[in-house]
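In my numbering, the protein residues as written are 120 to 311. Reading through the structure tokens given below for one structure.
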Amino acid sequence: MDLIHEKRVELKEQRASSQQDLTTCLIKIRNEDGSAVLSGEEIVDNCILVMLAGHDTSSILLTFLVKHLAEDPSVHAAVVNEEIAKSKAYGELLTWDDLAKMKYTWRVAMETLRVAPPIFCNFRTIVKDFEYGGYLIPKEWQIIWAACMTHMDETIFPDPSKFDPTRFEQQNPAPPYSLVAFGGGPRMCPGN
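And the structure:
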């Protein structure tokens with residue numbers, strides 16, 4: 120709780136950005152009347168949840184991202200050339216705005232998620248009968264979806280075994296629900 124108090128003081132004294140980190144973002148969420156939406160305890164609980172839930176998925180993403188950077192010198196060079204940190208003063212933190220400027224690095228992360236999704240599969244319960252591929256799938260059946268099956272579909276991602284960050288440039292957006300490393304729809308992982 121001391122950290123929450125320190126962050127509130129930093130924000131009040133304008134020594135911290137409201138978008139600096141998760142804690143400050145959660146502190147700044149307000150109701151229409153200006154009152155805090157989350158208590159200090161709720162902020163701590165949400166931060167712990169994100170750290171625990173995101174540990175494996177983040178480590179898997181970073182592991183494979185570093186692997187692909189090591190294997191492809193041209194991708195590595197493009198990421199290094201885009202590095203925003205070079206324009207920052209020593210000790211100055213990157214902001215979400217800085218990260219938003221790193222478009223190629225973001226594409227590399229998206230392609231890494233496509234090639235090596237941290238969540239292999241998940242289950243869903245069918246809410247109404249439907250037909251797929253000539254088969255009736257009845258309501259309340261459990262089905263499994265596997266991210267890699269979608270991510271390696273040649274009709275969605277041509278030459279799917281090739282690591283190609285340019286797939287995610289604006290002129291070539293992937294169709295909705297085709298990149299499902301974190302699921303999709305209302306049950307999508309909030310860590311996305």
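Beta carbons: idealized from backbone N, C-alpha and C, even for Gly.
Between the region 237–244 and the region 254–272, the count of C-beta pairs closer than 8 Å reaches three or more; the two stretches touch. Judged by DSSP in its simplified three-state form, residue 150 adopts coil rather than helix or strand.
Taking a cut-off of 8 Å for Cβ pairs, the region 276–287 and the region 220–239 touch, as three or more such pairs fall below it. The C-beta distance from residue 232 to residue 300 rounds to 4 Å, short enough to fall under 8 Å. Taking a C-beta distance under 8 Å as the contact criterion, residue 146 and residue 122 do not qualify as a contact pair. Following the DSSP letters along the chain, one finds residue 123 inside the alpha helix (DSSP H) bounded by residues 121–131.
The three-state reading of DSSP puts residue 255 in strand, counting E and B together.
A Cβ-Cβ separation of about 7 Å places residue 176 in contact with residue 238 under the 8 Å criterion. Per the coordinates, the alpha-carbon of residue 193 lies some 13 Å from the alpha-carbon of residue 185. C-alpha of residue 218 to C-alpha of residue 206: approximately 13 Å in a straight line. Of the other Cβ atoms in all chains shown, fewer than 16 fall within 10 Å of the Cβ of residue 249; this residue is therefore exposed.
Within a 10 Å sphere around the beta-carbon of residue 126 sit 16 or more other beta-carbons, which makes this residue buried. DSSP places residue 242 inside the beta strand (DSSP E), whose first and last residues are 240–244. Close CB contacts of residue 220 within its chain, under the 7 Å cut and outside five residues either way in sequence, are with 203 (chain order).
When DSSP states are grouped into helix, strand and coil, residue 288 belongs to the coil group. Across the structure, residue 297 and residue 234 are spaced so that their CA atoms are roughly 12 Å apart. Sixteen is the threshold: when 16 or more other Cβ atoms of the shown chains lie within 10 Å of the Cβ of residue 198, as they do, the residue is buried.
The C-alpha of residue 280 lies about 14 Å from the C-alpha of residue 190. Cβ neighbours of residue 265 within its own chain (closer than 6 Å, five residues either side excluded): 240.
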